[in-house]
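Asker:
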Amino acid sequence: MSSTAEAIVKPAGTPPAVDLREEFETSGVREVLAELDRDLIGLAPVKKRIRETAALLLVERARKSMGLAQETPTLHMSFTGNPGTGKTTVALRMADLLHRLGYIRKGHLVSVTRDDLVGQYIGHTAPKTKEVLKRAMGGVLFIDEAYYLYRPENERDYGQEAIEILLQVMENQRDDLVVILAGYSERMDRFFQSNPGFRSRIAHHIDFPDYTDEELLKIAETMLAHQHYVLDEEALTVMRDYIAKRRGQPHFANARSIRNALDRARLRQANRLFETSKGPLDATALSTISAEDIMASRVFSIAAKAARAEQ
Ligand SMILES: Nc1ncnc2c1ncn2[C@@H]1O[C@H](COP(=O)(O)OP(=O)(O)OP(=O)(O)O)[C@@H](O)[C@H]1O
Ligand SMILES: [Mg+2]
């Protein structure tokens, strides 16, 4: 035996071996990962990172049970990506995962932005930030568009006060709170450059890519299926076209744009049924979105106008 192996002295009462597979099953981690895979379209790199994190934590937990690890690993994270790429959705799953692994007591997620943490007047920021931290303890604190906390152009900005409190808690109470900072990639990069304290406290950076057109179409179908709606064949073709056009227009927000488009399509479908139906409607009629329900979107008229202007 090597001298390093001999140097590991295990306290009495520790198990001789740990079955990671069994831990994977009984902790419910397998279930969370399977749900993540099933419910969320695309996001392959994100899913991979989460599986890796889960494996690391399972091993860490096993090591702890054998007295091989004392410190809680740093679990604070940053989620970067464009709007509607699934950051909030994945953060909720992450909270569940960390809870099942026993890293947080409660597994809830408190989602905040600058305004929830920073006050308008002197003396307001500390109590506000502390109140949020109190609510989040035992769970995950999700800070959306975290870079707004830092406003270098404003000399007397109260954001700095919130940052200092957050940094302290991220260090001292990391066994009871996980902080996830979220936002657009470039702005987050700049934020980390000016706030090395945050950078050094965050171990896991996960980047959320934009969805492809195919993925967005699948997301549309999944969202509708959840609500017991379907696109008929023609509507599917129009939706494909809608996605390609919508991507090039202002305020495109990936899956969020799809969700909004489907809300409006359902509204149009309801009005169409209401105005055109003469007799009783069956389940198929009530749950089918047809081409015209999507065609009526402004996205098509804006695209047509742009095309005319180019000619
Ligand atoms: N991969 C996916 N599969 C299915 N639905 C998804 C997927 N990603 C996101 N969604 C849905 O799209 C919507 C927007 O996602 P979410 O709020 O998680 O994105 P976000 O990155 O937090 O966006 P924002 O930057 O606007 O806060 C939600 O309704 C979510 O359920
Ligand atoms: Mg969000």
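Those letters in the sequence shown? Residues 1 to 311, by the UniProt record's numbering. Glycine residues also receive a C-beta, built at the ideal position from the N, C-alpha and C atoms.
Is the region 96 to 105 in contact with the region 141 to 153, if contact means three or more CB pairs nearer than 8 Å?
Answerer: With the cut-off at 8 Å, the region 96 to 105 and the region 141 to 153 do not touch.
Asker: Who does Asp39 pair with in a DSSP beta bridge?
Answerer: By 1-based counting over the sequence shown, the position of residue 39 is 39. For Asp39, which the question treats as bridged, DSSP gives no partner whatsoever.
Asker: Tell me, which residues are paired with Glu206 by DSSP?
Answerer: Position 206 of the sequence shown, counting from 1, holds the residue named residue 206. In the sequence as displayed, the identity of residue 206 is Ile instead of Glu. Its beta-bridge partners are Phe79.
Asker: On the DSSP letters alone, give me the boundaries of the alpha helix (DSSP H) that Ser111 sits inside.
Answerer: Here residue 111 corresponds to residue number 111 of the sequence shown, with the count starting at 1. That residue, Ser111, is in no alpha helix (DSSP H); its beta strand (DSSP E) goes 109 to 112.
Asker: Report the option in Gln227, Ala235, Leu98, Arg174 whose CA atom is closest to the CA atom of Thr53.
Answerer: For the purposes of this step, residue 53 is taken as the residue at position 53 of the sequence shown. Checked all of Gln227, Ala235, Leu98, Arg174; the closest Cα to Thr53 is Leu98.
Asker: Run the Cβ filter for me: residues under 6 Å from any heavy atom of ligand 2, listed in the order they occur in the chain.
Answerer: In chain order, the residues positioned with their C-beta nearer than 6 Å to some heavy atom of ligand 2 are Lys87, Thr88, Asp144.
Asker: Is the beta carbon of Pro45 within less than 7 Å of some heavy atom of ligand 1?
Answerer: Taking the sequence shown and counting its residues from 1, the one referred to as residue 45 is at position 45. For ligand 1, not one heavy atom lies less than 7 Å from the Cβ of Pro45.
Asker: Quick one: complete alpha helix (DSSP H) runs, 4+ long, within the UniProt domain "AAA+ ATPase" (73 to 212)?
Answerer: 87 to 100, 114 to 117, 125 to 136, 159 to 172, 185 to 194, 196 to 201
Asker: Nearest-angstrom Cα distance between Arg256 and Ala136?
Answerer: Translated into the one-based positions of the sequence shown, residue 256 becomes position 256. Translated into the one-based positions of the sequence shown, residue 136 becomes position 136. For Arg256 and Ala136, the distance between alpha carbons rounds to 26 Å.
Asker: Is the Cβ-Cβ distance between Thr113 and Asp144 less than 8 Å?
Answerer: Here the question's residue 113 lines up with position 113 in the sequence shown. Here the question's residue 144 lines up with position 144 in the sequence shown. Yes, the Cβ-Cβ distance between Thr113 and Asp144 is below 8 Å.
Asker: Tell me whether Arg38 is buried or exposed, calling it buried when 16 or more other Cβ atoms sit within 10 Å of its Cβ.
Answerer: As a position in the sequence shown, residue 38 is number 38, starting the count at 1. The residue is exposed, with fewer than 16 neighbouring Cβ atoms inside 10 Å.
Asker: Report the option in Ala304, Ser290, Lys278, Ala285 whose CA atom is closest to the CA atom of Gln249.
Answerer: For this step, residue 249 is matched to residue 249 along the sequence shown. Of Ala304, Ser290, Lys278, Ala285, the residue nearest in Cα terms is Ala304.
Asker: Are the CB atoms of Val140 and Met188 within a distance shorter than 8 Å?
Answerer: Start at 1 with the first residue of the sequence shown, and residue 188 comes out as number 188. Start at 1 with the first residue of the sequence shown, and residue 140 comes out as number 140. The answer is no: Cβ separation not under 8 Å.
Asker: Have a look at Phe192 and Asp175 and give me their C-alpha separation to the nearest angstrom.
Answerer: Numbered from 1 along the sequence shown, position 192 holds the residue referred to as residue 192. Numbered from 1 along the sequence shown, position 175 holds the residue referred to as residue 175. Cα to Cα, Phe192 sits roughly 23 Å from Asp175.
Asker: Within the region 256 to 297, note down every full beta strand (DSSP E) run reaching 3 residues or more, in order along the chain.
Answerer: For the region 256 to 297, not a single whole beta strand (DSSP E) run of length 3 or above is found.
Asker: Taking Cβ to Cβ, would you say Glu221 is nearer than 8 Å to Leu231?
Answerer: In the sequence shown, counting from the first residue as 1, residue 221 sits at position 221. In the sequence shown, counting from the first residue as 1, residue 231 sits at position 231. Yes, the pair counts as a contact, with Cβ atoms nearer than the cut-off.
Asker: So, for Ile258: in the same chain, excluding its five sequence neighbours on each side, which residues have a beta-carbon less than 6 Å away from its beta-carbon?
Answerer: The count along the sequence shown starts at 1 and reaches residue 258 at position 258. Here the set comprises Leu216, Ile219, Ala220.
Asker: Do Ala253 and ligand 1 come close, with the Cβ less than 7 Å from some heavy atom?
Answerer: As a working note, residue 253 is residue 253 in the sequence shown. It does: the Cβ of Ala253 is within 7 Å (strictly closer) of some heavy atom of ligand 1.
Asker: Measure the beta-carbon distance from Ile206 to Arg49 and round it to whole angstroms, keeping in mind my assumption that it falls under 8 Å.
Answerer: Working through the sequence shown from its first residue, we reach residue 206 at position 206. Working through the sequence shown from its first residue, we reach residue 49 at position 49. With 8 Å as the limit, Ile206 and Arg49 qualify as a contact, their Cβ atoms being about 5 Å apart.
Asker: Excluding the 5 residues flanking Gly119 on each side, which residues of the same chain have their C-beta closer than 7 Å to its C-beta?
Answerer: Within the sequence shown, the letter at position 119 stands for residue 119. Thr125, Lys128, Tyr158.
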